[in-house]
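Engineer: Here's a structure for you.
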Amino acid sequence: LDAPAAKRPRKAERPRVPPLPTRRSARLQRQEAPSPGPPSPASSDDPEVDHTSLPLGPEHLDDHEFLAYARLRAHRLQRSRALDLEPYKVAQNRTLCELVRRRRNDA
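Note that the working numbering has the sequence shown beginning at 945, numbered continuously upward.
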């Protein structure tokens, strides 16, 4: 039998830098990235996002709400690791989306 081929040495791995949160949506790919400041009145008039109802998931959030949602997910991950639980047991994604929308509508 033939000897197995020698494995190639692995490349030195660079430390991974977490990417900024992105949304893969045709509607959002046509738009420029939002500024990191508070939402402007023009961005809150997004015709495809209904701000009067609670979102069912992150795809129902506008750009500024999605950034807050991404920060909440990062915090949830830290808490879940500290508590040695799965992240969904700390808070479900839908709950985080509802928190973001309620905070926006109360402000």
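Positions of the beta carbon are idealized from the N, C-alpha and C atoms, including for glycine.
How many whole angstroms separate the CB atoms of Cys-1041 and Leu-1011, which I take to be in contact at a CB cut-off of 8 Å?
Structural biologist: Between Leu-1011 and Cys-1041 the Cβ distance is about 13 Å, and since that is not below 8 Å, they are no contact.
Engineer: Helix, strand or coil: which one does DSSP assign to Leu-1016?
Structural biologist: Reduced to three states, the DSSP call for Leu-1016 is helix.
Engineer: On the premise that Val-993 lies in contact with Leu-1016, defined as a C-beta separation below 8 Å, what is that separation, rounded to the nearest angstrom?
Structural biologist: 18 Å between Cβ atoms; not a contact.
Engineer: Which of the three DSSP states is assigned to Arg-960 in this structure?
Structural biologist: Correct three-state label for Arg-960: coil.
Engineer: Distance, Cα to Cα, Ala-1051 vs His-1019?
Structural biologist: Approximately 21 Å between the Cα atoms of the pair.
Engineer: Counting along the chain, where does the alpha helix (DSSP H) carrying Val-1044 start and finish?
Structural biologist: Taken as a continuous stretch (DSSP letters only), the alpha helix (DSSP H) holding Val-1044 covers 1037 to 1050.
Engineer: May I have the straight-line CA-CA distance separating Leu-1000 from Arg-958, to the nearest angstrom?
Structural biologist: Using only the alpha carbons, I get a separation of about 37 Å.
Engineer: Skipping 5 residues on each side, what residues in its chain have a beta carbon closer than 7 Å to that of Ala-1035?
Structural biologist: If we look at Ala-1035 and ignore the five residues flanking it on each side, its Cβ neighbours are Arg-1020.
Engineer: Provide the residue span of the alpha helix (DSSP H) that contains Pro-1031, from first to last.
Structural biologist: Taken as a continuous stretch (DSSP letters only), the alpha helix (DSSP H) holding Pro-1031 covers 1031 to 1034.
Engineer: Can you grab the Cα-Cα spacing for the pair Tyr-1013 / Lys-955, in whole Å?
Structural biologist: Rounded to whole angstroms, Tyr-1013 to Lys-955 spans 35 Å at the Cα level.
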